[in-house]
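**Student:**
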Amino acid sequence: MENETTMKSAPMLRITDLEVYYGAIHALKGLSLDVQEGEIVTLIGANGAGKSTTLRTISGLIAPKSGTVEFEGKNIAGTGAHEIVRAGISQVPEGRRIFAEMTVLENLELGAFTRSDKDGIAADMEMVFTRFPRLKERIAQQAGTLSGGEQQMLAMGRALMSRPRLLLLDEPSMGLAPLLIKEIFSIIVDINKTGTTVLLVEQNANMALSIANRAYVLETGRITLSGDAKELAASEDVRKAYLGG
Ligand code: ATP
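Here it is as structure tokens:
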């Protein structure tokens with residue numbers, strides 16, 4: 001019932017007719033998508049389809065040539081990346097991009113750069129350690145010496161330190177062993193259950209569709225299919241193209 005109510009309200013994120021270029025390369029060709037508050041939405045597609053470009057445009061790292069990115073009713077397209085974090089969107093970039101020379105604690109503190117509420121920051125740090133006990137054990141360790149899975153956890157923990165309402169995840173499964181992928185995905189579900197909306201970009205379409213409410217399929221800068229994640233996972237076209245038959 002709750003979901004039905006949510007589905008009828010205005011979307012938390014609405015992207016309309018986004019056109020993005022890298023010089024002469026036309027990376028996004030009129031891309032439109034919606035994310036409702038409370039959902040996990042996944043964006044799947046082959047290498048180079050424009051998945052990362054979509055996330056980087058939402059988070060303000062790239063300015064679109066045209067089109068709008070509305071978050072909670074305001075157009076944020078072309079706004080600075082810091083402002084977008086302040087507005088309530090945080091991105092976990094592809095390849096983690098943690099600060100390798102800094103400790104786990106310093107990386108997490110940097111995630112709270114938009115905030116000055118010391119008590120709230122301390123409470124969220126505890127929440128991150130509860131979610132990722134391995135980070136607590138390694139609080140003083142140099143981040144560059146963490147394993148791949150631990151670095152993914154740190155990148156997610158750092159993003160959570162800004163207390164985002166919308167979390168953008170770029171290929172969290174990349175380079176991780178199957179067991180760790182399962183762990184990371186179950187943490188994504190938990191994060192979503194505690195009130196954070198999630199937009200997830202993945203090459204691992206099987207895993208992504210298994211946790212998402214809805215999905216969009218992206219091909220060379222355009223959405224070619226969208227719908228209920230379970231229905232897309234069952235569709236023959238999607239199975240053939242993205243799920244290994
Ligand atoms: P992958 O799964 O391989 O990361 P993707 O779907 O995330 O792929 P993008 O990284 O968004 O795809 O790339 C979309 C297109 O834009 C590709 O053709 C890519 O080569 C191009 N592109 C991406 N970044 C740049 C850049 N900095 N300069 C020029 N072209 C770029």
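Heads up: the sequence shown begins at 1 in our numbering, then just goes up one per residue. Using N, Cα and C, we set each Cβ at its ideal position, and we do this for glycine too.
Taking the Cβ atom as the reference point for each residue, do Val69 and Ala77 lie within a distance shorter than 8 Å?
**Tutor:** The count along the sequence shown starts at 1 and reaches residue 69 at position 69. The count along the sequence shown starts at 1 and reaches residue 77 at position 77. Yes, the Cβ-Cβ distance between Val69 and Ala77 is below 8 Å.
**Student:** Please list, in chain order, all residues of the same chain as Asn192 whose beta carbon is under 6 Å from its beta carbon, the five residues on each side excluded.
**Tutor:** Here residue 192 refers to the residue found at position 192 of the sequence shown. Only Ile40, Val198 meet the Cβ criterion.
**Student:** Beta-carbon separation of Gly157 and Leu135 under 8 Å?
**Tutor:** The count along the sequence shown starts at 1 and reaches residue 157 at position 157. The count along the sequence shown starts at 1 and reaches residue 135 at position 135. Yes, they are a contact pair.
**Student:** Anyone know if the C-beta pair for Ala112 and Ile98 falls short of 8 Å?
**Tutor:** Here residue 112 refers to the residue found at position 112 when the sequence shown is read from its first residue. Here residue 98 refers to the residue found at position 98 when the sequence shown is read from its first residue. Not closer than 8 Å, so no.
**Student:** Taking only runs that begin and end inside the region 7 to 41, name each unbroken alpha helix (DSSP H) of 4 or more residues, in chain order.
**Tutor:** Taking only runs of at least 4 residues, no alpha helix (DSSP H) segment lies wholly in the region 7 to 41.
**Student:** Hey, Ala177 and Ala143: beta-carbon distance below 8 Å or not?
**Tutor:** Taking the sequence shown and counting its residues from 1, one reaches residue 177 at position 177. Taking the sequence shown and counting its residues from 1, one reaches residue 143 at position 143. Not in contact: Ala177 and Ala143 (Cβ atoms no closer than 8 Å).
**Student:** Taking only heavy atoms of the ligand ATP into account, decide whether any of them is closer than 7 Å to the Cβ of Ser52.
**Tutor:** Sequence index remark: in the sequence shown, residue 52 carries index 52 (1-based). Yes, since a heavy atom of the ligand ATP falls inside the 7 Å radius drawn around the Cβ of Ser52.
**Student:** Which class does Phe71 belong to by DSSP, given the choice of helix, strand or coil?
**Tutor:** In the sequence shown, residue 71 corresponds to position 71, counting from 1. Strand at Phe71.
**Student:** Buried or exposed for Gly73, going by 16 or more other Cβ atoms inside 10 Å?
**Tutor:** Here residue 73 corresponds to residue number 73 of the sequence shown, with the count starting at 1. Answer is exposed; the Cβ neighbour count stays below 16.
**Student:** According to DSSP, Asp170 sits in a beta bridge with which residue or residues?
**Tutor:** Mapped onto the sequence shown, residue 170 falls at position 170. Asp170 pairs with Val201.
**Student:** Identify the continuous beta strand (DSSP E) that holds Ile227 and give its terminal residues.
**Tutor:** As a first step, residue 227 must be located in the sequence shown, where it is residue number 227. It should be noted that the sequence gives Gly, not Ile, for residue 227. From DSSP, the beta strand (DSSP E) with Gly227 extends over 222 to 228.
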